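One point on numbering: in the working numbering, the residue at position 155 of the sequence shown is 155, and numbering is uninterrupted.
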Amino acid sequence: MPLLEKDKRNQNLMNLIRRVHSVVEHADIEKHRQSQNYFGALLGNTRETRVREAGIEGMYGEWIEVKRPHRKKQIILYCHGGGYSTGSCLYARALTTRLAISASVDVLSFDYRLAPEHPFPAALEDAGRVWDYLMLQGYGARDIIVAGDSAGGNLALVLVHKLKQEGRMLPGGLALMSPWTDLTSSGKSYRIKKELDPVLDEEYLKQMISNYVEAGELENPLVSPLFGDFTGFPPVYIQAGENEILLSDSALLHKKLEAAGVPARIEVFEGMWHVFQMARFKTANEAMDRLAEFILDIFG
1 MPLLEKDKRN QNLMNLIRRV HSVVEHADIE KHRQSQNYFG ALLGNTRETR
51 VREAGIEGMY GEWIEVKRPH RKKQIILYCH GGGYSTGSCL YARALTTRLA
101 ISASVDVLSF DYRLAPEHPF PAALEDAGRV WDYLMLQGYG ARDIIVAGDS
151 AGGNLALVLV HKLKQEGRML PGGLALMSPW TDLTSSGKSY RIKKELDPVL
201 DEEYLKQMIS NYVEAGELEN PLVSPLFGDF TGFPPVYIQA GENEILLSDS
251 ALLHKKLEAA GVPARIEVFE GMWHVFQMAR FKTANEAMDR LAEFILDIFG
């Protein structure tokens, strides 16, 4: 495909994503949450999986299971995105169903408490409760891949930081889609990608940060995992879009992981945006297949 034609197609695709995102986004946070749930239910609707509720100390969780023979002892723990203020298991089905199908692995997601009603560290506490639940169910730490998108990628990383601080066994690996790793917004992509990103903007991110955490906590590794010590972390696979404002969050994370001697890989997808894997088209399908390859390589 000629370069100009390819650029035009990418621009048209991003304009479409802007229009779709504008339908979901709403100043009223409850309406925003409801819109996300609607789209998650729509995009996550498939006959290839079943949903089974998991009650975790009063917290809603759900297992996504493929309707075919598959691994049972090895699982994915999924942390949904939404800036810590929105999102849910239902919203995450746009991704969790596809992960389960691609990897033939059961996926557990959970509705952690959301800001501003429940600011930091509520979400991390809830993630810890889910981890403890899995340990009590008899899963081995190394038989769990922790995955997440955007703020869910943040939560996956801070959960592992917390487990490490406590001297506990760590998961087998981390699979991250457009992770939000630096709430100080220090990376250059916040400047050079702000006109390109069809999903996120500076105003939205500032609101999400204000909802979630006090300004003095922004460099806390349990808030901005980029600032943590990654020594001893399990293997990490990162996917990001070329045109997203959080691109630096992924790139800087990758550098820190490599500096700490962690097996880490990053793929930046040309012309793509924040959590493009939610869409239904060729590049998103390829990205899901690569996530599945990473997961299956870890599980062996």
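We treat Cβ as the ideally placed atom computed from N, Cα and C, and that holds for glycine.
If you're wondering where the values come from, they're calculated on a predicted model, not measured in any experiment.
Inset, instruction - Specify whether the segment 204-224 and the segment 250-266 touch according to this definition: at least 3 beta carbon pairs, one from each stretch, less than 8 Å apart. - result: no
Legend entry - Distance between Phe230 and Gly152 (C-alpha atoms, nearest Å): 18 Å
Legend entry - Given Met59 as reference, the closest of His274, Gly216, Leu114 and Arg98 once Cα atoms are compared: Leu114
Legend entry - Spatial neighbours of Leu200 in its chain, beta-carbon cut-off 6 Å, leaving aside the 5 residues before and after: Ile245 and His274
Legend entry - Residues of its chain near Glu62, where Cβ-Cβ distance is below 7 Å and the 5 sequence neighbours each way are ignored: Val51, Arg52, Glu53, Ala54, Cys89 and Ser109
Inset, instruction - Mind the definition here: the segment 35-48 touches the segment 77-96 only if three or more C-beta pairs lie below 8 Å; say whether that holds. - result: yes
Legend entry - Uninterrupted alpha helix (DSSP H) stretches inside the segment 169-256 (no shorter than 4 residues): 189-192 and 202-212
Inset, instruction - Since I believe Asp182 is in contact with Ser224 (beta carbons under 8 Å), could you give me their beta-carbon distance rounded to a whole number of angstroms? - result: 5 Å
Inset, instruction - Under the assumption that Lys256 contacts Leu226 (Cβ atoms under 8 Å), give the Cβ distance between them as a whole number of angstroms. - result: 7 Å
Inset, instruction - Determine contact between the segment 235-249 and the segment 291-300, defined as no fewer than three beta-carbon pairs at a distance below 8 Å. - result: yes
Inset, instruction - Counting only the same chain and skipping the five closest in sequence on each side, list residues whose C-beta sits under 6 Å from that of Lys188. - result: Ser248
Legend entry - Closer than 7 Å to chain C by CB, Thr184: Included in the structure is just one protein chain, with no chain C present.
Inset, instruction - With a floor of 4 residues, list each alpha helix (DSSP H) that falls wholly inside the segment 95-136, ordered by position along the chain. - result: 122-136
Legend entry - Arg280 - DSSP class collapsed to helix/strand/coil: coil
Inset, instruction - Just mark Met278 as buried or exposed, buried being the case when its beta carbon has 16 or more other beta carbons within 10 Å. - result: buried
Inset, instruction - Note down, in chain order, each residue of its chain lying with its Cβ closer than 8 Å to the Cβ of Glu242, except the 5 sequence neighbours on either side. - result: Val268, Phe269, Glu270, Gly271 and Met272
Inset, instruction - Verify whether the separation of the beta carbon atoms of Ser104 and Val146 is less than 7 Å. - result: no
Inset, instruction - Whole angstroms is fine: what's the gap from Thr184's alpha carbon to Asp28's? - result: 25 Å
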